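Going by numbering that gives the first Met the number 0, the residue at position 136 of the sequence shown is 135; the numbering climbs one at a time, nothing skipped. Glycine included, C-beta positions come from ideal geometry on N, C-alpha and C. Please read all numbers here as calculations on a predicted model, not as lab measurements.
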Amino acid sequence: MSLMHEIEFTLNGVQRGATVGVEMSALQMLRDVVGLTGTKYGCGEGECGACTILVDGRSVNACLLFALDCDGREITTVEGLAVDPRAQALQKAFVAHGAVQCGFCTPGMMVQATHLLATHPQPDAATAQRAIEGNLCRCTGYQKIVEAIVDAGAGCEGPSDAAGPSGQSLPTGEAR
Ligand code: FES
Ligand code: FES
Numbered sequence: 000m001s002l003m004h005e006i007e008f009t010l011n012g013v014q015r016g017a018t019v020g021v022e023m024s025a026l027q028m029l030r031d032v033v034g035l036t037g038t039k040y041g042c043g044e045g046e047c048g049a050c051t052i053l054v055d056g057r058s059v060n061a062c063l064l065f066a067l068d069c070d071g072r073e074i075t076t077v078e079g080l081a082v083d084p085r086a087q088a089l090q091k092a093f094v095a096h097g098a099v100q101c102g103f104c105t106p107g108m109m110v111q112a113t114h115l116l117a118t119h120p121q122p123d124a125a126t127a128q129r130a131i132e133g134n135l136c137r138c139t140g141y142q143k144i145v146e147a148i149v150d151a152g153a154g155c156e157g158p159s160d161a162a163g164p165s166g167q168s169l170p171t172g173e174a175r
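Right, here's the structure in full:
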C-alpha cells in the first residue's frame, strides 16, 4: 500500500492537487510541497499560532492538521489575504501602530485577525484580545496588535504620527 496519496483542495481560491504522505502535516504540505512559506513553523505543537490558516472558513493550526485532511477543503493562507479588504485594513493598522517587530508571528496574527473581522466586524479590545489568545508574540507585548485590530475594525488605521513610510508592507509572505 502506498504511503503517498493524491489530494485535491482549493488553495487561496485556486483548485489544486498535491501528493502527500500519511503523516505529513498541512503546514509541511503548504511550505515544502506547495511552496507557500508565509505560514510559519513555530512550535509544531499547536501552542504558538504561527501556522494559523483558514480551513473552510475556520481558523486552524496547520501544524496539527494532517495534510490528508485538507482533501476537498477550502484553504486560505496569509498569501491568500492579499485581496481581502479586511486584511488590507489590518496591514495598514499594524504598520501605523508599530504592531510588527520581528514579524515572525505576523502571518498567523493576520490570518487570525482577518478571521475575527469576518465574524466580528467591529471588535472591542477585549474581543480582539480573546481572538489572538492562541497567537504568541515575543516582541510587541500584544497591546499594539490589539489596538491595530480594533482600529482596523473601526475603519481607521491608527495614530497617523506613528505611521510607517508610505507603501511599507508587513513581512507576511517572505521565506524563512
Ligand atoms: Fe503550529 Fe506553533 S507551529 S501552533
Ligand atoms: Fe516578533 Fe510578534 S513581532 S513574535
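Length of the line joining the Cα atoms of residue i and residue j
i       : j       : result
Gly-166 : Val-99  : The predicted position of Gly-166 is uncertain, since its pLDDT is 39 and thus under 50; a value taken from the coordinates is nonetheless stated next. The alpha-carbon atoms of Gly-166 and Val-99 are separated by roughly 15 Å.
Thr-51  : Cys-155 : 25 Å
Met-23  : Ile-6   : 12 Å
Asp-123 : Glu-146 : 9 Å
Arg-72  : Lys-143 : 33 Å
Ser-130 : Thr-113 : Looking at the sequence shown, residue 130 is not Ser but Ala. Each residue's Cα considered, the two are about 10 Å apart.
Arg-15  : Leu-135 : 31 Å
Thr-171 : Asn-11  : In this prediction, Thr-171 has a pLDDT of 45, which is less than 50 and means its spatial position is unreliable; nothing more can be read from the coordinates.
Gly-133 : Gly-43  : 13 Å
Thr-36  : Met-109 : 15 Å
Val-54  : Val-77  : 12 Å
Sheet register partners of residue i (DSSP bridge)
i       : result
Ile-74  : Leu-10 and Val-54
Met-3   : Gly-20
Asn-134 : Asn-134 pairs with nothing; no bridge assigned.
Phe-65  : Ser-24
Val-59  : Ile-52
Arg-15  : Phe-8
Cβ separation of residue i and residue j, assumed to be a contact under 8 Å, to the nearest whole Å
i       : j       : result
Ala-151 : Ala-92  : 4 Å
Cys-69  : Gly-45  : So it is not a contact: roughly 17 Å between Cβ atoms.
Ala-17  : Met-3   : Not quite, the Cβ-Cβ distance comes to about 10 Å (not below 8 Å), so this is no contact.
Ala-127 : Val-149 : 5 Å
Ser-58  : Gln-111 : 6 Å
Phe-103 : Ala-66  : Not a contact, Cβ separation roughly 23 Å.
- Query: ligand 2: which residues have Cβ under 5 Å from any of its heavy atoms, chain order?
  - Reply: Gln-100, Cys-101, Phe-103, Cys-104, Cys-136, Arg-137 and Cys-138
- Message: Please output, in chain order, the residues near ligand 1 using a CB cut-off of less than 6 Å to any non-hydrogen atom of the ligand.
- Response: Tyr-40, Gly-41, Cys-42, Gly-43, Gly-45, Glu-46, Cys-47, Gly-48, Ala-49, Cys-50, Asn-60 and Cys-62
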